[in-house]
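Below you'll find the structure, written out as structure tokens, and then a few comments.
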Amino acid sequence: MSGVARLYGGTDMSEGALERDIVTDMTSSAGGWIEGSGASYDRGLAIDTEQLQVFLEETQPETAAAFELSNHQSNIRTQFLDRVHRYVNTYGLVDLLRKGMNHSTSKGSFEVFFYGATPSPGNTIAEHRHCANRWSVTRQLRYSQESSQLALDLALFVNGLPLATFELKNHQTKQTVEDAVEQYKNSRDARDPLFADGRCLAHFALDEHSVRFCTRLAGDKSWFLPFDKGWEGGAGNPPNPDGYRTAYLWQDILSPTSLSDIIEHYAARLVEKDPKTKKTKRRQIFPRYHQLDSVRALLKDSAANGAGQRYLIQHSAGSGKSNSIAWLALQLVGLGGDDSSVFDAVIVVTDRINLDTQIERTVKSFTQVRSTVKHADKSKDLRQALADGTKIIISTVQKFPVILDDIGHTHRDRRFAVIIDEAHSGQGGKTTHAMSGALGAADDSTEEEKTTEDKINKIIESQKLLGNASYYAFTATPKPKTLGYFGRTRADGQKHPFHVYTMKQAIEEGFILDVLKTYQTVDSYYRLVKSVEDDPEFDAKKSAKTLRRYVEGDRAAIQAKASIIVDHLLDHVIRPRKIGGKARTMLVADGVDRTLEYHSAIEERLKQLGSPYRAVVAFSGEHQHGGKNVTEASINGFPSSAIEETFREDPYRILVCADKFQTGYDEPLLHTMYVDKPLSGVRAVQTLSRLNRARPDKRDVAVLDFYNKPEGIQKSFEKWYRTTTLADEIDPNKLHDLRVFLDGTGVYGQEDIDVFVRMFLAKEDRAHLEAFLDQLVLAYRELDSEDQQVEFKGTAKAFVRTYDYLAGILPYRNPEWLKLSILLTFLIPKLPAPIEEDLSRGILETVDLDSYRAEQQTAISISLGDEDAALTVASPTGTGRRAEPEMKPASVIADDFNRAFGNIPWTDKDRILRLIAVEIPAKVREDKQYLNAQKYNDEQNARVEGAAAVQRAILEFVTSDTELFRQFASNPSFNRWLNETVFRQTYDPAAGEKGTAGGPPSSTNDDDSAA
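Numbers 155 to 1165, taken from my numbering, label the letters of the sequence shown in order.
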């Protein structure tokens, strides 16, 4: 122990004072601990024999007498203690505390319990054993058999068995928690019994400000994880007005009541088997602070409020959501006790097929939980699971609505907890309604007695939150509609997540890595030339996209980029031995065809260089490549199911994919990602976050991006860097406005709505419904113009999407909205879209690729704003019209394209001034999203969207001067000046009335993709 004992006769600010204060707190009447003595600690057995003896004599006197525990010279006592020691070495402390141990002597065989679990009401024997638990804390414990002077600051025991160790440090003596971590790594030998794997629940390093913990000491490979509360959205702990910032650890988390809960419901010794060697290894699990805090908060609220609630848990990617879900599911099963359980079954909805294995493995470590886990992706599997008494059922997002529809009439009198893994707004709308309909309370009236009105009311009720199902939605990237469905309204009027563990906190704590810390772009330089004599006109905007895809997908371009990728892989990943020489990389390409081209080019480049390494390709289905049909298995030479496992082995070092593995892939060995596809919003965060999984020897990650710009990636990540809230909701009156327009077109009348809904709910023949809808299609065709048809169809879609969203959150019913939604849902697919000629068709036949090169730019670190993000739901409008194409000659399009993407210097300053003063503002005025923001948001939000519109305009118009674009992208002062100048020229709230904007995005858009 070190530190200044006293300074000028004042308060003792030493490390010893911190140690003394902790023990004083713990051994107070409120603390519940007793102070132990190092004299009774057996260093070879790692047992406080005196405390164990007292507990056994109190709870199992006959057993204690048979083992002759009071006779320290007895061989019987020695044999018993040696067996306890060997048992813990083999199976771990948690197993011994939960299950106990059988031990035989010449006096008989005995079942020995080493811990009194929390009793159920009325169980007096269990209550007596629980009250007899001896929670002891020992200061300056001399633990070593080799060196009698080595001592721990603190050790915690229950009934003489070690639970945790402490190393304390003190800022006043210029030592911190990091010094405590280093002391564990360098001075605490895992060969000492106290530090052996599985002997303790955890080892804590702490100072006055911060806490770290480790479940397995392994020298310098020991991995200490953060155990802080978090402060201001990031790492650390908030100031404590009553004492030390870290006092929550010993006052709350490690109180006897809390520690009992951890022993019984969280701590686990998991058995894992290597699929190849078949060898098993055990891994100790201890919850992190945010996991423990969130699960306990959810359980407390669920117990208090029962079924019928919604919870949104915003936890960063890589934060251990699988374990949180497993702990929550296990405890929801038993919530309320056997006689008054809150839920009859827990259903986990996930796209991760390995989650059922993880939960089942966790369940097996809790012998007191009698439930089992079953994966059910078919209705018959679910019926069988329920019939067998299965309490935890896992299904997929795609199959779940179908399954629930099959069982809807059988289990409506049951109560369910629905845990949604990686929630997204697709779990709202029709999916949530299907879930609600199937899980809803049974209706006593028979089908024959119901009128059409009864059926309408039943559907409306099924669209709302039902009293017999609670939803627990986990996501790292909640979108506006997700917050609308599952968020909770607070005093500020915004919808908030129930619990938050931010990306910022996870990065600052080192639990995940910052994927934007080393972000490097690769700019493409190329020149297109017109290859035909005449100069036909094409749609400029569509042609630009077509040309870029043509250039980037050209074989020469693919080979050039593949060479950069391979060189980077060899020079910056393999030769520096990233992640101890085990690092893997991933290439995300734009589409399967380009994925296959990339894989071939990379393999070819590796062979040219004589490299022993190889690439793995991943895609779904069968595709044509090289004149034949191929699958990923036929190219790789091993089954698709073995990709994840095989990729971890040499010679494979790069995984080439399009959409597969872009989300949900959890591989800590991933170090570098190569990106050649557009990424934005949630998809950008999900994709790049594949790199963030941490491991002890993983110190950095890198991104090499051939397609996107840093500003766009930064904007995507900032939405979910801290807490995400929903600032406002859609005004339900917008549905009235949409209906006024739809009713006024004459395509249908009120009688048409009533007749169709009556026919549909009466389950009349489909042929009759099709014939009825065909009459309405004729009315649609008779509208005066194609623009009116486009406007009607767009408004109808906006109405259906908006109603689908609002139906799940509004507290009141509106049967007329529902009836119109039913009609439009079936009418929209039958409405023919106006024939729109592709005015960019043929552009590729008029140009040739003259030259191409790719050049790596300097790597940068993208920093994110330190503030919460308030999202908004797009307000619905139905004034959809086709945009007039901007026609340009092929020569001009090629010239524009060369300037935009070819980095050709521009010297016409007058042109630049005209762009800034005239053309950029003009384009911003026409920006749909900006118009929508002006109409439906305040000036502040409109300003944000205005800046985004300026960026979009610059990317489209500032095509002739690289310097101007660079100034906008890299010079904050110029960026702010231009945004402000254009905003002053263009801001007009009334402008949105004349603009065009869509309603809430459909489930096929990025806004509704899985988070």
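Backbone N, C-alpha and C fix where the C-beta goes; we use that ideal spot for every residue, glycine too.
Quick check on DSSP: helix, strand or coil for L306?
In the sequence shown, the residue the question calls residue 306 occupies position 152. Reduced to three states, the DSSP call for L306 is strand.
What number of angstroms, rounded off, separates the C-alpha of I547 from the C-alpha of D179?
As a working mapping, residue 547 is identified with position 393 in the sequence shown. As a working mapping, residue 179 is identified with position 25 in the sequence shown. If I take the Cα positions, the gap works out to 43 Å.
Helix, strand or coil for R423? Go by DSSP, reduced to three states.
For the purposes of this step, residue 423 is taken as residue 269 along the sequence shown, with counting starting at 1. Strand, per DSSP.
Do T526 and D575 come within 7 Å of each other at the CB atom, strictly closer than that value?
Taking the sequence shown and counting its residues from 1, the one referred to as residue 575 is at position 421. Taking the sequence shown and counting its residues from 1, the one referred to as residue 526 is at position 372. Against a cut-off of 7 Å, the Cβ pair of T526 and D575 comes out as no contact.
Tell me the DSSP bridge mates of Y655?
Position 501 of the sequence shown holds residue 655. In the DSSP output, where bridge partners are listed per residue, Y655 has H469.
CB-CB under 6 Å to E751, same chain, minus the five flanking residues each way: which ones, in chain order?
The count along the sequence shown starts at 1 and reaches residue 751 at position 597. So the list reads I712, once near-sequence residues are dropped.
Short check: CB of Y338 to CB of E321, under 7 Å?
The residue given as residue 338 occupies position 184 in the sequence shown. The residue given as residue 321 occupies position 167 in the sequence shown. Closer than 7 Å, so yes.
Can the beta-carbon of G246 be found closer than 7 Å to that of R423?
To locate residue 246, count along the sequence shown from 1; it is residue 92. To locate residue 423, count along the sequence shown from 1; it is residue 269. Yes.
Consult DSSP for N256 and reduce its assignment to one of helix, strand or coil.
To locate residue 256, count along the sequence shown from 1; it is residue 102. DSSP places N256 in strand when its eight states are reduced to three.
Between the Cα of L348 and the Cα atoms of H239, D859 and H469, which residue gives the shortest distance?
On the sequence shown, position 194 is the one that residue 348 refers to. The shortest Cα separation from L348 among H239, D859 and H469 belongs to H239.
For A309 versus L295, is the C-beta spacing smaller than 7 Å?
To locate residue 309, count along the sequence shown from 1; it is residue 155. To locate residue 295, count along the sequence shown from 1; it is residue 141. A contact, by the Cβ cut-off of 7 Å.
Buried/exposed call for V683, threshold 16 Cβ in 10 Å
One-based indexing of the sequence shown puts residue 683 at position 529. Only weak support is given to the placement of V683: the predicted model assigns it a pLDDT of 47, under 50, and the question is left unresolved by the model.
Does the Cβ of H226 have 16 or more other Cβ atoms within 10 Å, making it buried, or fewer, making it exposed?
Here residue 226 corresponds to residue number 72 of the sequence shown, with the count starting at 1. Burial call: exposed.
Runs of alpha helix (DSSP H) wholly within the segment 206-270 (minimum 4 residues, chain order):
215-220, 229-245 and 247-253
Could I get the ranges of all uninterrupted alpha helix (DSSP H) runs contained in the segment 901-957, with 4 residues as the minimum, in chain order?
904-915 and 920-935
Once DSSP output is grouped into helix, strand and coil, what is the label at F358?
Indexing the sequence shown from 1 puts residue 358 at position 204. Note: F358 maps to strand in three-state DSSP.
Using the DSSP secondary-structure output, state which residues sit across from N783 in a beta bridge.
For the purposes of this step, residue 783 is taken as the residue at position 629 of the sequence shown. N783 is bridged to Q778.
I need the boundaries of the beta strand (DSSP E) containing L978, first residue and last residue.
The sequence position of residue 978 within the sequence shown is 824, counting from 1. It is not in any beta strand (DSSP E) - L978 instead sits in the alpha helix (DSSP H) that spans P969 to L981.
Is there contact between the segment 180-189 and the segment 277-290, where contact requires at least three CB pairs shorter than 8 Å?
yes
Report yes or no: do the segment 356-376 and the segment 439-453 share at least 3 C-beta pairs separated by less than 8 Å?
yes
What span of residues does the beta strand (DSSP E) with Q1169 cover, start to end?
With the chain covering only 155 through 1165, there is no way to say anything about residue 1169.
Determine the direct distance from the alpha carbon of G948 to that of E940, and round the result to whole angstroms.
Within the sequence shown, residue 940 is the residue found at index 786, counting from 1. Within the sequence shown, residue 948 is the residue found at index 794, counting from 1. Taking the straight line from one Cα to the other gives about 12 Å.
Taking 6 Å as the limit between beta carbons, can you name the residues of its chain near L985, skipping five residues before and five after?
Your numbering for residue 985 matches position 831 in the sequence shown. Excluding residues within five positions, the ones whose Cβ falls inside 6 Å are Y934 and K947.
Can you give the Cα-Cα distance for P380 and E663, rounded to whole angstroms?
Walking along the sequence shown from the start, residue 380 turns up at place 226. Walking along the sequence shown from the start, residue 663 turns up at place 509. Taking the straight line from one Cα to the other gives about 6 Å.
Who are the Cβ neighbours of D498 in its own chain at under 6 Å, not counting the five residues just before and after it?
Position 344 of the sequence shown, counted from the start, is the residue given in the question as residue 498. Result list for D498: R568 and R569, in chain order.
Could you check which residue in G781, N1086 and L978 has the C-alpha nearest to that of D928?
Reading the sequence shown from its first residue, position 774 is the one you call residue 928. Ranking G781, N1086 and L978 by Cα distance to D928 puts L978 first.
Hey, how far is the Cα of W481 from the Cα of D668?
The sequence position of residue 481 within the sequence shown is 327, counting from 1. The sequence position of residue 668 within the sequence shown is 514, counting from 1. When rounded, the distance between both Cα atoms is 27 Å.
Looking at the secondary structure, which residues open and close the alpha helix (DSSP H) in which W385 lies?
As a working mapping, residue 385 is identified with position 231 in the sequence shown. First-last for W385: undefined, no H or E at that position.
Taking 7 Å as the limit between beta carbons, can you name the residues of its chain near S470, skipping five residues before and five after?
For the purposes of this step, residue 470 is taken as the residue at position 316 of the sequence shown. So the list reads A630, Y655, T656, M657, A660 and I666, once near-sequence residues are dropped.
Could you tell me the alpha carbon to alpha carbon distance between I439 and L223, rounded to whole angstroms?
Sequence index remark: in the sequence shown, residue 439 carries index 285 (1-based). Sequence index remark: in the sequence shown, residue 223 carries index 69 (1-based). I439 and L223: Cα-Cα distance of roughly 32 Å.
Buried/exposed call for G170, threshold 16 Cβ in 10 Å:
Here residue 170 is taken as the residue at index 16 of the sequence shown, counted from 1. Under this definition G170 is a buried residue.
Assign D202 to one of two classes, buried (16 or more other C-beta atoms within 10 Å of its C-beta) or exposed (fewer than that).
Taking the sequence shown and counting its residues from 1, the one referred to as residue 202 is at position 48. Buried, since its Cβ has 16 or more Cβ neighbours within 10 Å.
Which class does M167 belong to by DSSP, given the choice of helix, strand or coil?
As a working mapping, residue 167 is identified with position 13 in the sequence shown. The answer is coil: DSSP assigns M167 none of H, G, I, E or B.
Distance between N887 and E1080 (C-alpha atoms, nearest Å)
By 1-based counting over the sequence shown, the position of residue 1080 is 926. By 1-based counting over the sequence shown, the position of residue 887 is 733. Answer to the nearest angstrom: the Cα atoms are 26 Å apart.
Would DSSP call V686 helix, strand or coil?
Here the question's residue 686 lines up with position 532 in the sequence shown. Note that V686 has pLDDT 46, beneath the 50 cutoff, so the model's placement of it is unreliable and no number is given.
Go through its chain and collect everything with a Cβ distance to S301's Cβ below 6 Å, but skip five positions before and after it.
In the sequence shown, counting from the first residue as 1, residue 301 sits at position 147. There are no such residues.
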